[in-house]
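K.L.:
The following block contains the structure, expressed as structure tokens.
Numbering (the working numbering), first residue to last: 10 to 198.
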């Protein structure tokens, strides 16, 4: 917008300059009395205010600023050429601006798509995190069950061993009783 205003001001300045710096018609020069002011009749800047005669040149140092190559008292074709050049630059900048706006719109759409994809991936990641925590909990429970089962098996095996030892002890005692009775009976009889 600033560049547009700047270019517009250059165009208006050029138009004012063209209207103010137009040299008098050649017929007027011929009709001018040579005795009245011969130096003024030959001057191309006749009718131009003294502040504009040989004044500083305007320059386009940045887009939209006046061009230093154009003097305020330059002939009309040079100003017209400068005006056309400024209009061409304005058209090029407008086209570039439109192209950049299209690029921005496309990039904003891509950004929105990628943000949606990132949100979807984050949702999936959160779901996977919940599943992993559930699996970790189930694994921990399984470990506790296995360790508990081991303890139960050890207790069962220890009880079984104790029962077997008692059975062995009973059988030893029964064998002693049976084995000792015949010997006692055989010595006595």
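Built from N, CA and C at the ideal position, the CB exists for glycine as well.
Let me confirm a value: residue 95 is counted as buried when at least 16 other C-beta atoms fall within 10 Å, else exposed. Which label applies?
P.N.:
It is buried - the Cβ of residue 95 has at least 16 other Cβ atoms within 10 Å.
K.L.:
To the nearest angstrom, report how far apart residue 163 and residue 156 are at their CA atoms.
P.N.:
Roughly 10 angstroms separates the two Cα atoms.
K.L.:
Once you ignore the five residues that flank residue 20 on each side, which residues in its own chain have a CB closer than 8 angstroms to its CB?
P.N.:
92, 95 and 96, listed in sequence order.
K.L.:
Might you give, ordered along the chain, the residues of its own chain that have their beta carbon closer than 8 angstroms to the beta carbon of residue 183, omitting 5 neighbours on each side?
P.N.:
Correct list: empty, nothing qualifies.
K.L.:
Please classify residue 180 as buried or exposed, where buried requires at least 16 other C-beta atoms within 10 Å of its C-beta.
P.N.:
Classification of residue 180: exposed, given that the 10 Å Cβ count is below 16.
K.L.:
Where does residue 86 sit, in a helix, a strand or coil, going by DSSP?
P.N.:
It is helical.
K.L.:
Under a Cβ-count criterion, where at least 16 other Cβ atoms within 10 Å of its own Cβ denotes burial, should residue 99 be classed as buried or exposed?
P.N.:
So residue 99 ends up on the buried side.
K.L.:
Within its chain, find whatever has a CB closer than 8 angstroms to the CB of residue 104; leave out the 5 residues flanking it on each side and keep chain order.
P.N.:
Once the five neighbours on either side are set aside, residue 104 has no close Cβ partner at all.
K.L.:
To the nearest angstrom, how far is the alpha carbon of residue 117 from that of residue 132?
P.N.:
If I take the Cα positions, the gap works out to 22 angstroms.
K.L.:
Buried or exposed for residue 88, going by 16 or more other Cβ atoms inside 10 Å?
P.N.:
That one is buried.
K.L.:
What separation, rounded to the nearest whole angstrom, lies between the Cα atoms of residue 161 and residue 171?
P.N.:
Near 15 angstroms, if we compare the C-alpha coordinates of residue 171 and residue 161.
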